[in-house]
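Each remark here refers to the structure printed beneath this line.
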Amino acid sequence: MTVRPKSHAIQTSRLARRGALYLAILVVAILVLFPVYWMVVTSIRPTKETISYPPHLFPHALQWSAYRDLFQTVPIARWLRNTLIVSTGVTVIVVVLSICGAYALSDFRWRGRASFGFALLIAQMLPEALLVTPIFIVFRHLGLTNTLHGLVLTDAAFIIPLGIWILKGFLDTIPREIREAALVDGCTPLSVLWQIIIPLSLPALVAVSVIAFFDGWNEYLFASTFITTSDLRPATVGIASFIGELATPVELVFAATVIFTIPPIVFYFFMQRYLISGLTGGAVKG
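Here it is as structure tokens:
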């Protein structure tokens with residue numbers, strides 16, 4: 713007779729905890745997604761509703777003229793193309809150089825290896841804003857200002873140290889016996905890298921590529937300093953140019969922001985599973 717009430721109480725307690733957990737998740741999801749909702753709503757509501765106070769949570773009318781005007785009056789497609797070029801170039805360079813650097817740190821023993829790894833760590837501590845002026849001076853003498861490949865090289869230089877450390881942590885989990893067996897079978901160190909290390913490190917490579925892609929996609933600081941031609945602007949600088957001293961087309965800004973955020977969101981959801989496994993794969997050494 714005493715078992716049933718106790719079992720019922722335990723079940724009720726579990727349901728209460730589960731309900732509280734789901735409620736907390738719902739609240740966090742609302743807080744996270746509300747800015748996205750507000751961005752979309754602001755891009756499709758009339759101007760009089762946008763500037764009204766207090767603001768309406770739900771739009772009373774919908775209009776899509778901001779998106780039409782965006783493609784008719786603003787070179788948003790060209791800006792997105794420039795952003796895609798920069799982010800793709802950064803991703804390719806970072807992945808290639810990071811896997812080479814991580815392989816050298818993880819697999820070989822050479823003088824200065826520890827100092828090289830420490831130098832990479834120190835490089836991550838330098839803020840980008842501190843290096844804008846010296847990099848601009850160097851790029852001006854090299855003819856790399858007002859070019860997209862200058863942005864690619866700059867962004868890649870800041871992400872490569874992080875990529876090397878992420879990949880090194882993952883490579884350290886690969887048993888050395890596998891690499892030594894391949895060397896005994898006649899493989900060269902380069903063959904071991906191409907045929908064994910890279911296939912086994914695919915989740916970590918995807919994680920590094922996602923980080924590099926997002927860094928290139930969100931490029932603003934160096935682009936606003938190095939790029940002076942409107943046709944070479946990435947989307948971040950182009951959207952920022954909407955802000956004026958006397959007026960700012962709010963609906964146009966938010967419409968451009970919605971379009972700008974769609975590609976990385978789709979890319980992230982496509983790579984999410986590999987990103988999580990890659991970031992956590994080097995955390996525990998096997």
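No gaps in the numbering here: position 63 of the sequence shown is 775 in my numbering, and each next residue is one more. Quick reminder that beta carbons are idealized off the backbone N, C-alpha and C, glycines included. Fair warning: this is a prediction, and the values are worked out from it, not measured in the lab.
Here Thr960 is exposed: its Cβ has fewer than 16 other Cβ atoms, across all protein chains shown, within 10 Å. Less than 9 Å separates the beta-carbon of Arg757 from that of Pro771. When the beta-carbon positions are compared, Leu863 and Pro946 come within less than 9 Å of each other.
In this structure, the beta-carbon distance from Thr859 to Leu944 falls below 9 Å. In this structure the segment 829-847 does not lie against the segment 905-914, because fewer than three pairs of beta carbons, one per stretch, are closer than 8 Å. The alpha-carbon separation between Ser903 and Asp897 amounts to approximately 11 Å. Inter-residue distance for Thr754 and Val786 is about 19 Å (C-alpha atoms, whole angstroms). Scanning Ala935, Glu931, Asn794, Leu879 for the CA closest to the CA of Ser921 turns up Leu879. Ile834 sits in a helix when the DSSP states are folded into three classes. DSSP places Pro915 within a helical segment (H, G or I) once states are collapsed to three. In the DSSP assignment, Trp877 falls within the unbroken alpha helix (DSSP H) covering 860-883.
In chain order, Val949 place their CB closer than 6 Å to the CB of Ser936, counting only its own chain and leaving out the 5 sequence neighbours on each side.
By the beta-carbon neighbour count (other beta carbons within 10 angstroms, threshold 16), Phe925 is buried. C-alpha of Ala773 to C-alpha of Thr762: approximately 11 Å in a straight line.
Per DSSP, the continuous alpha helix (DSSP H) segment holding His853 begins and ends at 840-854. For Glu892, the uninterrupted alpha helix (DSSP H) segment begins and ends at 888-896. At the C-beta level, Phe848 and Phe938 come within 9 Å of one another.
Counting of Cβ neighbours within 10 angstroms places Gly855 among the exposed residues, the total staying below 16. In this chain, the alpha helix (DSSP H) harbouring Thr803 covers 788-819. Taking a cut-off of 8 Å on C-beta distances, the segment 820-828 does not touch the segment 881-897, as fewer than three cross pairs fall below it. Contact check for Ile788 against Ala952 fails: the beta carbons are separated by 9 Å or more.
The Cβ atoms of Ser799 and Trp929 lie closer than 9 Å to each other.
Note on geometry: alpha-carbon atoms of Ile876 and Leu809 lie some 8 Å from one another. A direct Cα-Cα distance of roughly 11 Å separates Val970 from Pro747.
Annotation for Ile890: Ile908 place their beta carbon closer than 7 Å to its own, counting only its chain and skipping 5 residues before and after. Within a 10 Å sphere around the beta-carbon of Val965 sit 16 or more other beta-carbons, which makes this residue buried.
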